[in-house]
Amino acid sequence: MSIVGLGYIEIFLAILCFFLFHSLTHPKGYPKRWPIVGMLPSILFHIKHIHDRLTVIMSKSGGTFVSKGPLFAKMDILATIDPSNIHYIMSQNFMNFPKGRKFKEIFDVLGDGIFNADMDLWKIQRKTTRSLITHQQFYKFLIKTSREKVEKGLIHVLDHVSHKGVIVDLQDLFQRFTFDTTCILVTGYDPGCVSIDFPHVPFSKAMDDAEEAILFRHVIPEPIWKLQRWLGIGEEKKLSKAWETMDNVIGNYISKKRDELTKMDEVEENDEGFDLLTFYLKEGHCDDKFLRDTILNLMIAGRDTTSSALTWFIWLVTKNPQVEKKLSEEINSIIPKEENGKFRVFNVHELNKLVYLHGALCESLRLYPPVPFQHKEPLEEDTLPSGHKVHSKMMILFSLYAMARMESIWGKDCLEFKPERWISETGTIKHEPSYKFMAFNAGPRTCLGKEVAFTQMKAVAATIIHNYKVEVVEGQTIEPNSSIILYMRYGFKVRISDRSLPWNWPFLGMLPNLLFNVNRIHERCYEIFSRSGGTFLLEGPWFTNMDILGTVDPENVHYIMSANFANFPKGEEFKKIFDVLGDGIFNSDLDLWKGQRKYARSLITHQRFYNCLVKSSWDKIENGLVPVFENVARDDRVVDLQDVFQRFTFDTTCILVTGYDPGCLSIEFPCVPFSRAMDEVEEVLFIRHLLPKSVWKLQKWLGIGYEGKLTRAWDVLDHVISKYISMKRDELSNFATKRKEDEEEDCDDLLTSYILNDGQNFDDKFLRDTILNLMIAGLPFQHKTPLEPDTLPSGHHVHPKMRVVFSLYAMGRMETIWGKDCLEFKPERWISEKGLIRHEPSYKFLAFNAGPRTCLGKEVAFTQMKAVAASIIHNYKVEVINGHKVCPNVSIILYMQHGLKARIKKRWT
952 MSIVGLGYIE IFLAILCFFL FHSLTHPKGY PKRWPIVGML PSILFHIKHI HDRLTVIMSK
1012 SGGTFVSKGP LFAKMDILAT IDPSNIHYIM SQNFMNFPKG RKFKEIFDVL GDGIFNADMD
1072 LWKIQRKTTR SLITHQQFYK FLIKTSREKV EKGLIHVLDH VSHKGVIVDL QDLFQRFTFD
1132 TTCILVTGYD PGCVSIDFPH VPFSKAMDDA EEAILFRHVI PEPIWKLQRW LGIGEEKKLS
1192 KAWETMDNVI GNYISKKRDE LTKMDEVEEN DEGFDLLTFY LKEGHCDDKF LRDTILNLMI
1252 AGRDTTSSAL TWFIWLVTKN PQVEKKLSEE INSIIPKEEN GKFRVFNVHE LNKLVYLHGA
1312 LCESLRLYPP VPFQHKEPLE EDTLPSGHKV HSKMMILFSL YAMARMESIW GKDCLEFKPE
1372 RWISETGTIK HEPSYKFMAF NAGPRTCLGK EVAFTQMKAV AATIIHNYKV EVVEGQTIEP
1432 NSSIILYMRY GFKVRISDRS LPWNWPFLGM LPNLLFNVNR IHERCYEIFS RSGGTFLLEG
1492 PWFTNMDILG TVDPENVHYI MSANFANFPK GEEFKKIFDV LGDGIFNSDL DLWKGQRKYA
1552 RSLITHQRFY NCLVKSSWDK IENGLVPVFE NVARDDRVVD LQDVFQRFTF DTTCILVTGY
1612 DPGCLSIEFP CVPFSRAMDE VEEVLFIRHL LPKSVWKLQK WLGIGYEGKL TRAWDVLDHV
1672 ISKYISMKRD ELSNFATKRK EDEEEDCDDL LTSYILNDGQ NFDDKFLRDT ILNLMIAGLP
1732 FQHKTPLEPD TLPSGHHVHP KMRVVFSLYA MGRMETIWGK DCLEFKPERW ISEKGLIRHE
1792 PSYKFLAFNA GPRTCLGKEV AFTQMKAVAA SIIHNYKVEV INGHKVCPNV SIILYMQHGL
1852 KARIKKRWT
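Add 951 to a position in the sequence shown, counting from 1, and you land on the number used in this note's numbering.
Here it is as structure tokens:
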């Protein structure tokens, strides 16, 4: 074929694609009806997002719509979500709307099981199944099976992935869990699908393939899929192979169970109950085909619906932290006080008390029903309450997914995940009619396994919410797949971490839990304090003196920082960890600290220093920050705002403290060794808090690991600061000339003030320690060491070899301190009714320390922060990059681990 010929084909295909794209949809949003092929092209074109497409159509059509299929294909479908139509079809005129011939043909793999059966056959099967599922012995077996599989299967895997820190597909794990439990309940045999090896299980894979092929049958003309079946190709070939696999496995189960029962003289009814296959075989008169069909029908019902429901539920909970918080509170409320903070699995009596959890599960089932479609076929012509006529060759389809998103059915908040809609004013579960909430079907065909499903879902949900933190992996696409079961198309990738209080190991104490959670240490501290009531003793390895009493109790903080301040200095342990700071104000205690603080206060509150602060801040904004913002805005570049702010504050602090501008803030973003060295120092100081002293001291002696990094950074800091001191002394050697110039400028940096001090001659070491202390900002942790044994207001005893630590990060998230809206960013909480700033005691709000050690630079910090914030908010629009992960880093300073990537837009031209 010639190149010219290929060109014409490409042009033709491009025009065809353009035509199809613009023609598949009717101007009003309905599918376009084509000659001969009807509306089938539009259905196929939107098959990947069929649920959302149906939602749009149902919304525009008023709740009922007739889809015309290809001529002669008998594919006309009346889709409805009108509750009056559903009530009529599923209850009032139930006998005229069986599953029908077409349903049985499409679902032929299910044989004559309860989901395919109609009329008398269905009635007999339902009666038998009801008597079995409501039998006390089966209920006992259900409880035992569910609990054992949670404890020995699900928890084992969750602990494994938690300790390894690996990503897991939670949807796959839930499918494995429900496949195992359903297989045990139905056949008595455990396929061992839930395992840390995540084994390939052919039976489970075959069920997935069968469901995919069945959906395919719904959307293409019957002659086509029947031709594929006859030829053994495409989706039908996949279904044939899956069918064979399921028949083989189920056949083996039946044969094995028959052999077991024939070898027993008498089948004893034990206290642990029995499986369904045993029950049917004991009843007798059941051939293998009936058993095969029954097992497969019950397997699909048990495995797929529950695993789908759990997957969407956990996702919705992770997206709604306020719901997660309420669920945790409800679960904690049923736990005995002595078991607070411990790992726990819940019994059925406890689960039945969890009303909010039940409501949250119902809400999840409403928004993401595991079986998103129901369909019927009228025996005779009929007219629905909506006025639409149906005939015997028409399929009637309900979209449960679309129903949940109809404002006319669920109100204006229909798209919200709102468990409260299921809770009555008396605190019980509110009943919604089944023709409005069809997750468990409606009318005479209402699901017999509803309570079985809720028992399993509650057991799994409560175990996960109470014991683990689920972190959704960012960047993945979450959307429904195209199948008869509403799974997530690409799975549900998450990271799991343990919420329970740290375990006290022999020799190692609680250190392993601390090290394992080091990358999320602030969140882990919050979890521990939430579960322990605000104060917790973390026991370190034996013989290491690493016991730490952590507290966020404001009474304890007030006692330590103010009421009994003299007994709680920083201590020798603090000074050893922060040795790089020397004898500076942050490290010093008692008289040395008092002398330094008194002199530092006199300098910082002096008018000359204030003038220097205002001048340097304004100059650096105007000549540093603004040019950088203008540059990145003009070039539409992504910029790390955290890096920009670090450079800004490094420059301004350096100017205020030493009088020299290192020029860190520039459009070239230069590497400044002094700034880099400070970052490395802060990182290593944090690691020292977590390791036994003997370990990091050995590293220090050998000059390896983090301590090697600290040594190199320390050298850089000493070199740069010494250079600043030397330069400043040289400049000030001609005292009279320099002082005259300074008086004209009417401002002094701190180094100048220290050197020119009339009353005291400060040596270079003191100046070095002072400069470095003033360059470092506030900490997310505070810690103290008692001089004498003491008892805190909470009743906890402390001794001189114990560190007392406050987590400011956790304090900010405690409901007991800040109220129910503690997790919200709410500036209004700081504004009084008179429009003034509301004072909060420093032992509750520790950002600027508390008591006699309250930060001297508080007003300096607010002046700079306000100047920068006002300049940016007024002049620029900041757009954080979509998908950028924001979380705290591991350091003594609470930076963002991955920076803050953003684009800058100018507000004014």
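Just so you know, even glycine gets a beta-carbon here, dropped at the ideal spot from N, CA and C.
Note that this is a predicted model, so its numbers are computed, not measured.
Quick one: grab the DSSP three-state call for residue i.
i	result
tyrosine 1705	helix
threonine 1414	helix
aspartate 1238	coil
alanine 1164	helix
aspartate 1530	helix
glutamine 1733	strand
histidine 1086	coil
tyrosine 1611	coil
glycine 1143	coil
threonine 1397	coil
serine 1206	helix
aspartate 1364	coil
isoleucine 1788	strand
tryptophan 940	The first residue shown for the chain is 952 and the last is 1860, placing residue 940 beyond what the model contains.
threonine 1860	coil
isoleucine 1844	coil
lysine 1679	helix
threonine 1229	helix
Could you name the residues of the same chain whose beta carbon sits closer than 6 angstroms to that of residue i, not counting the 5 residues immediately before and after it, in chain order?
i	result
glutamine 1179	Gly1185, Glu1187
tyrosine 1550	none
tryptophan 1493	Phe1458
alanine 1353	Leu1005, Thr1006, Met1009, Ile1032
isoleucine 1676	Asp1715, Leu1718
DSSP has residue i in a bridge; who is on the other side?
i	result
methionine 1346	Ile1028
serine 1375	Bridge partners of serine 1375: none, in fact.
phenylalanine 1324	Ser1350
valine 1831	Ala1853
methionine 1439	Pro1431
aspartate 1120	Lys1444
lysine 1420	Ser1448
phenylalanine 1487	Gly1501
lysine 1270	Bridge partners of lysine 1270: none, in fact.
What residues in its chain sit with their C-beta under 8 angstroms from that of residue i, if we drop five residues either side in the sequence?
i	result
isoleucine 1374	Val1306, Tyr1307, Gly1310, Ile1380, Lys1381
phenylalanine 972	Only weak support is given to the placement of phenylalanine 972: the predicted model assigns it a pLDDT of 41, under 50, and the question is left unresolved by the model.
aspartate 1198	Arg1243
serine 1758	His1473, Cys1476, Tyr1477, Phe1480, Gly1501, Val1503, Pro1731, Phe1732
Alpha carbon to alpha carbon, what distance is there between residue j and residue i?
i	j	result
lysine 1566	leucine 1683	21 angstroms
leucine 1318	lysine 1074	31 angstroms
aspartate 1238	aspartate 1059	18 angstroms
methionine 1009	glutamate 1358	11 angstroms
asparagine 1840	threonine 1814	26 angstroms
cysteine 1313	glutamine 1325	18 angstroms
isoleucine 1246	threonine 1229	12 angstroms
leucine 1927	phenylalanine 1516	Within the shown structure, residues of the chain are numbered from 952 to 1860, placing residue 1927 beyond reach of any answer.
arginine 1639	glutamate 1573	39 angstroms
glutamate 1275	asparagine 1418	13 angstroms
phenylalanine 1066	glutamate 1367	32 angstroms
asparagine 1507	lysine 1735	12 angstroms
isoleucine 1165	isoleucine 1768	55 angstroms
aspartate 1693	leucine 1723	Since pLDDT at aspartate 1693 reaches only 49, below the 50 mark, its modelled position is unreliable, and the value read off the structure follows with that caveat. Straight-line Cα distance between these residues: approximately 24 angstroms.
lysine 1055	alanine 1068	8 angstroms
Quick one, are the C-beta atoms of residue i and residue j less than 7 angstroms apart?
i	j	result
leucine 1109	isoleucine 1447	yes
methionine 1497	leucine 1261	no
leucine 1351	proline 1320	yes
alanine 1393	methionine 1847	no
threonine 1703	glycine 1610	yes
glycine 1518	leucine 1738	Here residue 1518 turns out to be asparagine, not glycine, going by the sequence shown. Contact flag set, yes.
Going by beta carbon distance, what residues of the same chain come within less than 7 angstroms of residue i, once the five residues before and after it are set aside?
i	result
valine 1296	Arg1098, Val1101, Glu1102, Thr1414
serine 1861	For the chain, the structure presents residues 952 to 1860; residue 1861 sits outside this window and is missing.
isoleucine 1855	Phe1580, Val1583, Ala1584, Val1590, Tyr1827, Val1829
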